[in-house]
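J.:
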Amino acid sequence: MYKSFLIKYAEIAIKGKNRYLFEDALVHNIEYQLKNVEGDFHVRKENGRIYVDAEGEYDFDETVEALQRVFGIVGICPVVLLEDEGFDKLAEEVVSYVDRVYPDKNFTFKVDARRARKNYPMTSMEINAAVGEKILEAYPQTKVDVHKPQVMIHIEIRPLINIYSTEIPGPGGMPLGTAGRAMLLLSGGIDSPVAGYMISKRGVTLEATYFHAPPYTSERAKQKVIDLAKKVARYSGPIKLRVVNFTDIQLYIHEKCPHDELTIIMRRYMMKIAEHFAEEGKCLGLITGESIGQVASQTMQSLAVTNEVCHMPVYRPLIAMDKQDIVSIAEKIDTYETSILPYEDCCTIFVAKHPVTKPSLKHIQISERHLDEKIDELMKTAIETTETILVDAE
1 MYKSFLIKYA EIAIKGKNRY LFEDALVHNI EYQLKNVEGD FHVRKENGRI
51 YVDAEGEYDF DETVEALQRV FGIVGICPVV LLEDEGFDKL AEEVVSYVDR
101 VYPDKNFTFK VDARRARKNY PMTSMEINAA VGEKILEAYP QTKVDVHKPQ
151 VMIHIEIRPL INIYSTEIPG PGGMPLGTAG RAMLLLSGGI DSPVAGYMIS
201 KRGVTLEATY FHAPPYTSER AKQKVIDLAK KVARYSGPIK LRVVNFTDIQ
251 LYIHEKCPHD ELTIIMRRYM MKIAEHFAEE GKCLGLITGE SIGQVASQTM
301 QSLAVTNEVC HMPVYRPLIA MDKQDIVSIA EKIDTYETSI LPYEDCCTIF
351 VAKHPVTKPS LKHIQISERH LDEKIDELMK TAIETTETIL VDAE
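Quick note on numbering: the numbering used here labels position 174 of the sequence shown as 174, and the sequence is numbered without any gaps.
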């Protein structure tokens with residue numbers, strides 16, 4: 001029945017003279033998401049609207065699912081497009097549309113007409129009344145309710161007349177690629193994949209760094225992170241994932257530093273290495289999945305000490321979210337079940353029994369002096385032996 005989708009966006013509309021750049025990015029991202037959907041599609045801009053036209057047979061549900069992964073879209077409207085052949089033809093098409101879409105005619109409705117093309121011979125109010133009358137004549141069991149209708153029938157008078165009554169929610173946000181690039185510190189937990197999704201929703205392109213600690217973490221733990229990156233990539237586009245062998249650095253910190261400070265010190269060196277790759281990839285910041293107070297390394301004091309080693313800004317999209325809020329998003333984007341697989345990452349393997357929750361930067365820096373003999377060499381080796389994997393969506 002539907003050969004086209006009307007794509008609605010929100011924030012893009014207020015971008016002024018740069019609006020076309022955001023629209024072009026949205027069109028590109030829609031084309032990217034649809035390339036793996038069965039069928040041929042044409043994406044076009046027209047007078048402040050974006051349309052996806054299907055040419056020939058296609059899978060409706062699969063197409064909608066793909067469009068729901070495109071940031072910047074707030075509404076997906078399956079739409080009937082018709083040439084302007086006079087009011088009688090329009091009314092006939094609307095009546096036919098109602099019959100096909102709503103087999104059960106026991107509903108209330110309202111007609112909402114808008115004239116983007118002001119030379120149409122009827123006003124919006126006249127179209128509303130006349131089309132509403134035709135629907136009531138054809139289907140007497142329907143009723144008009146202008147305040148809280150069960151069905152809102154939209155008619156937009158454009159170069160082609162648009163008829164639609166369904167708006168499927170999109171993910172919102174801003175089109176990918178419109179807000180720069182950032183480096184995600186990706187672990188095998190619940191939080192960091194959600195942080196990657198959230199920051200991509202604001203138009204940021206992702207790279208990622210994962211810290212691997214063989215033999216203390218298995219190849220299955222590494223594969224788990226790759227699988228999570230694939231799931232995030234369904235929304236963010238391809239992700240360049242760097243797998244850093246962190247074992248020797250962790251063992252050295254474990255040997256030389258107070259055990260209650262292990263997590264903070266290891267975290268600081270992770271941030272240093274991630275920042276190195278971020279600079280290499282021309283990223284504008286680091287992304288973590290930290291939330292205030294969730295664990296010892298995420299208290300306000302711990303976060304401040306961690307931040308001290310970074311020159312780049314560190315963005316934490318989950319910073320004020322409760323765990324259940326994060327879990328809900330993880331379930332929505334299908335990362336939760338993978339995240340809870342029992343393959344430990346390097347942070348959990350080397351965690352102290354009683355970690356410091358209010359670390360002093362001065363004390364941490366004193367402890368880190370014990371590492372001076374070998375840490376630079378170990379970091380250099382870790383960076384040089386890093387494995388780079390280009391991860392695309394499943």
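For every residue, glycine included, the Cβ atom is placed at its ideal position computed from N, Cα and C. Every value quoted in this text rests on a predicted model; they were computed, and no experiment measured them.
Can you check DSSP and say which residues form a bridge with Asn245?
T.: Paired residues: His212.
J.: In the DSSP output, what is Phe107 paired with across the bridge?
T.: None, per the DSSP bridge assignment.
J.: To the nearest angstrom, how far is the alpha carbon of Phe277 from that of Val295?
T.: Near 26 Å, if we compare the C-alpha coordinates of Val295 and Phe277.
J.: Return the Cβ separation of Ala54 and Gly39 in integer angstroms, given the expectation that the two are a contact with Cβ distance under 8 Å.
T.: Confirmed, Cβ separation roughly 6 Å.
J.: Residues in its own chain within less than 8 Å of Asp260 by CB, not counting five upstream and five downstream?
T.: Closer than 8 Å at the Cβ level, and outside the excluded window around Asp260, lie Ala352, His354, Pro355, Val356.
J.: Tell me the DSSP secondary structure of Lys240 in three-state form.
T.: Reduced to three states, the DSSP call for Lys240 is strand.
J.: Contact between the stretch 259-273 and the stretch 295-306: three or more CB pairs below 8 Å?
T.: Cβ pair count under 8 Å is three or more, so yes.
J.: Once the 5 residues before and after Gly335 are set aside, which same chain residues still bring their CB inside 6 Å of it?
T.: It is Thr, not Gly, that sits at residue 335 in the sequence shown. Closer than 6 Å at Cβ, skipping near neighbours: Pro193, Leu228, Lys231.
J.: Between the C-alpha atoms of Glu156 and Thr178, what's the straight-line distance to the nearest angstrom?
T.: When rounded, the distance between both Cα atoms is 30 Å.
J.: Using the C-alpha atoms, what's the distance from Thr288 back to Leu136?
T.: For Leu136 and Thr288, the distance between alpha carbons rounds to 56 Å.
J.: With DSSP run on the structure shown, which of helix, strand or coil describes Thr16?
T.: Checking the sequence, you will find Gly at residue 16 rather than Thr. In this structure, Gly16 counts as helix in the three-state DSSP scheme.
J.: Alpha carbon to alpha carbon, what distance is there between Pro78 and Met125?
T.: Spanning the two alpha carbons is a distance of roughly 24 Å.
J.: Less than 7 Å between C-beta atoms, sequence neighbours within five positions excluded: which residues of the same chain meet that for Lys224?
T.: Hits under 7 Å: Gly188, Thr338, Leu341, Tyr343.
J.: Please state the DSSP three-state secondary structure of Thr112.
T.: Here residue 112 is Asp; the residue named in the question, Thr, does not match the sequence. Looking at Asp112 - three-state DSSP - the assignment turns out to be strand.
J.: Answer with buried or exposed for Thr385, where buried requires no fewer than 16 other C-beta atoms within 10 angstroms of its C-beta.
T.: Exposed, since its Cβ has fewer than 16 Cβ neighbours within 10 Å.
J.: Taking the C-alpha atoms as reference points, what is the distance between Gln324 and Glu11?
T.: So the two alpha carbons sit approximately 28 Å from each other.
J.: Go ahead and label Glu211 buried or exposed: buried means 16 or more other beta carbons lie within 10 angstroms of its beta carbon, across all protein chains shown.
T.: Per the sequence presented here, residue 211 reads as Phe, with Glu not at that position. Buried, because 16 or more other Cβ atoms sit within 10 Å of the Cβ of Phe211.
J.: Among the residues of its own chain, which have a CB less than 8 Å from the CB of Arg114, if the five just before and after it don't count?
T.: So the list reads Ser124, His154, Ile155, Glu156, Ile157, once near-sequence residues are dropped.
J.: In angstroms, rounded to a whole number, what distance separates the CA positions of Pro317 and Gly281?
T.: Distance between the alpha carbons of Pro317 and Gly281 is about 21 Å.
J.: Going by DSSP in three states, Pro78 sits in which element: helix, strand or coil?
T.: In the structure shown, Pro78 sits in a strand (DSSP, three-state: E or B).
J.: Lys110 to Glu279, Cα distance in whole Å?
T.: The straight-line gap from Cα to Cα measures roughly 55 Å.
J.: Go ahead and label Ile127 buried or exposed: buried means 16 or more other beta carbons lie within 10 angstroms of its beta carbon, across all protein chains shown.
T.: Result: buried.
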